[in-house]
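Numbering (the working numbering), first residue to last: 133 to 1052.
Structure follows, in structure tokens:
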């Protein structure tokens, strides 16, 4: 036990010291030999693209809270950390860095775009091998930064098992999965319409496209008939793509155009003849009922082209410039080509009209560039065969998704799932394990590079240059990190994981795909529970973004207020299914809570240091007693027995409240429970109650009183630190290590903390102590209202219940001290009307015996105010009790407590009304 404790709590030094200690001593590595129930979770791997944001801190706080709680409960916990290679995002960042090196003089909002273009040029110039080396260098730098940030957040991972999605073993697992799926026909290659991002230079999946409504135009363009007079008018929102038209289409049920089907029209500007076809896909209500068919640049048109054997002509390239097939518009940007084309159509009299039209525009989720539907040779994965088992796993309860609305959204999305484009035209990432024989056209998919073609024996073969979508490799995370496909000890011991936590924004990107891959390759659910946490927003509940200027950097906030305060502010706001309104003001209030914890600990420890060493040693032994007796009060001085029984009973209750709340991911309830207990019960009441005895015994070392008083206080404080520790690990670790320990552990989280024994529950003591509390509060309020805060008046206590009077008489020493009264007079009757100020509690009447005339109007106003508060509280409780869902789902003791409180409020209201009548 340290002999010095600073007067002021300084979190920076404490947090840095303990974060290093935890990592250096490898405290969070589970024992090699199982010693209890196991609990496993794989950290959602952050991307190696920069630093962690407030969303990461929420996620890590929630996970760390659960991990520390379960360790203290005696479970073998594995929290496996790691990072994701993030192919598109990382390649973009490295390209920008290359561009910045070449063009350091650029500034302003357009600089990044210029750096990116220059970086892409430099990437092609330096070649594949050199660029990949540069990406690995970035990974080492960025990964080290993220690692340090996670340590500062208090993340209690097993760093000896850290993984990266491009580690050799992990990459081998990715290749193995690809080959197996290909061999089963679940992966195929073909030319289809994909979402193409011109800026990222790659295909992106449907999930990576964000749609938003924007004001646009609908242009009506005339297509003259090839023979005879007249024309058909087709409406389009993307006129530049008409240069790739290979047909016009109408609905077969549309009588307006029945005679046009089979005829040919002339494509404006390019003068190419194209047919008019009838197809069920055409909506006769859209535009004119005639649609242009551009198979290379629209997914619906592509399907029409397959039914009518139409060619596909690409007129927009990978960078969104017009191709040679676009004729006079070759080389123009797609939007510049649109402007010129519309002008040319108008000159030729072929632009019929223009209408305002609301568009649903798809943009790349990563770079915000409008994506281009484009015909491209890609690799795809069939999803419906994998989705069916994943749907059943959730429907049958083998995987529990919390909150319930996320379960419903998951099931709906999975029921309508489409095939997944898994290839990306990037350099950084897992190369697809495929090779092409140019001699015979054979496609060879193998784990290792073949030497020659398996069909014609030709060599060399051409390797596939596309990489896999990052989410393909991430989908293997729960089992590949444990050594799969090898049958490792870790895989057998820690798979399936018990829990996965993630944000709603990646429920489909990652959560659903992990479930599908886990079931496919291990025949087991990858985790038993999936908790989808809320998003962190600003104080006005707006999404945090750099453009709005409302982003809070977790490191800056923790530097100012301390990590524990930030963690607690996040946790106490984290209700399932509800986004968090986060502000610096909120963090500041929980920094005050950290100060309260520190000051309480300092008071206890400073007085503890005054005790003789032998007494301290005996107290250390008292903290090591078995769990079934450790959290029961030791009989001590008569004056403290009620308070001791009450605080241990409350400790029993709050421990169970926290356990239930954490089991249901109600972090806000767990944080609120321990906040109220520590500040408003332990500090405001128990510590103030026992303070005279503690300070006196510390000064005199009266052994008969010292041991029981100190044992009870230290046991409650020790338990409180354990309850706080999962949420506020640093300050609790520091204070816990300063307590006397007979068998000290390396960390508070490694000292087993069981739920407080049922024998500690004492509802009678809680009811009796509540009477004392209400009396003290009533006296304080009465003094404040009469301007007697600094005075010590006497008071008269009256009740018809002799037991209540005896209870107050037995504890009047504490009542006088806590209420600031000089003396108490007791009367076994109703409070008579008379001079003084009447203060009412549900159980007792109290009157200050102050030399002051009663202002009947002021007293009436005060009582009416009290009545209003009581009736409002009663209405709130009755609304709860009248809610069948609350009564059904709430723990029985909560419902019982609400009913008891209702009875007390009814009695309080009755007594206030009687007092009002006596004033008449």
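We put the beta carbon where it would ideally sit given N, CA and C, even for glycine.
Computed from a predicted model, the values in this text were never measured in an experiment.
- Secondary structure of residue 455 (DSSP, three-state): coil.
- For residue 615, same chain residues with a beta-carbon under 6 Å away, outside a window of 5 residues either side, are 622 and 623 in chain order.
- Assignment of residue 244 by DSSP, reduced to helix, strand and coil, places it in the helix class.
- In summary, residue 996 is exposed, with fewer than 16 beta-carbon neighbours lying within 10 Å of its beta-carbon over all protein chains present.
- Partner residues in the beta bridge of residue 352, as assigned by DSSP, are 367 and 485.
- Residue 541 is not a Cβ neighbour of residue 662, given a cutoff of 8 Å.
- DSSP places residue 559 outside both helix and strand once states are collapsed to three, so it counts as coil.
- The secondary-structure analysis by DSSP pairs residue 329 across a beta bridge with 334.
- The C-beta of residue 858 has 16 or more other C-beta atoms within 10 Å across all chains shown, which makes the residue buried.
- Non-local beta-carbon contacts of residue 860 in its own chain, meaning distances under 6 Å to residues more than five positions away in sequence, involve 696 and 700 in chain order.
- A distance of 8 Å or more separates the beta carbons of residue 617 and residue 172.
- In this structure, the straight-line span from the alpha carbon of residue 868 to that of residue 846 is close to 10 Å.
- Under the 10 Å beta carbon count, residue 509 is surrounded by fewer than 16 other beta carbons and is classified as exposed.
- With fewer than 16 other Cβ atoms from the protein chains shown falling within 10 Å of its own Cβ, residue 257 counts as exposed.
- Between residue 992 and the set 930, 1031, 917 and 1020, the nearest pair of CA atoms involves 917.
- If you ignore the 5 residues before and after residue 443, its C-beta comes within less than 8 Å of the C-beta of 378, 427 and 437, all in its own chain and listed in chain order.
- In the DSSP assignment, no residue is bridged to residue 462.
- Residue 511 is a Cβ neighbour of residue 319, given a cutoff of 8 Å.
- The closest CA to that of residue 151, considering only 291, 631 and 178, is found on 291.
- Across the structure, residue 672 and residue 711 are spaced so that their CA atoms are roughly 11 Å apart.
- When DSSP states are grouped into helix, strand and coil, residue 705 belongs to the coil group.
- Taken in chain order, the whole beta strand (DSSP E) runs of length 3 or more contained in the stretch 906-979 are 926-930, 956-959 and 969-972.
- Residue 613 and residue 212 do touch by the CB rule: their CB atoms are close to 6 Å apart, below 8 Å.
- Secondary-structure assignment with DSSP links residue 510 through a beta bridge to 322.
- Taken in chain order, the complete alpha helix (DSSP H) segments of 4 or more residues contained in the stretch 195-240 are 219-234.
- Across the set 690, 341, 248 and 735, the C-alpha of 690 shows the shortest separation from the C-alpha of residue 718.
- By the C-beta criterion, the stretch 209-225 is judged to be in contact with the stretch 544-560, since at least 3 inter-stretch pairs fall below 8 Å.
- Residue range 396-398 is occupied by the beta strand (DSSP E) that includes residue 396.
- Just measuring C-alpha positions, the residue of 980, 1020, 765 and 798 sitting nearest residue 194 is 798.
- The shortest C-alpha to C-alpha distance from residue 343 to any of 502, 206 and 441 is the one to 502.
- Nearest to residue 441 by alpha-carbon distance, out of 267, 871 and 411, is 411.
- Taking residue 684 as the centre and dropping the five residues before and after it, the same chain places the C-beta of 186 closer than 6 Å to its C-beta, in chain order.
- Scanning the stretch 241-317 for uninterrupted alpha helix (DSSP H) segments of 4 residues or longer gives 243-258, 260-284 and 300-315, listed from N- to C-terminal end.
- For residue 360, the three-state secondary structure derived from DSSP is coil.
- Residue 649 and residue 774 have their C-alpha atoms roughly 58 Å apart.
- In this structure, DSSP gives residue 505 an extended state, which the three-state scheme calls strand.
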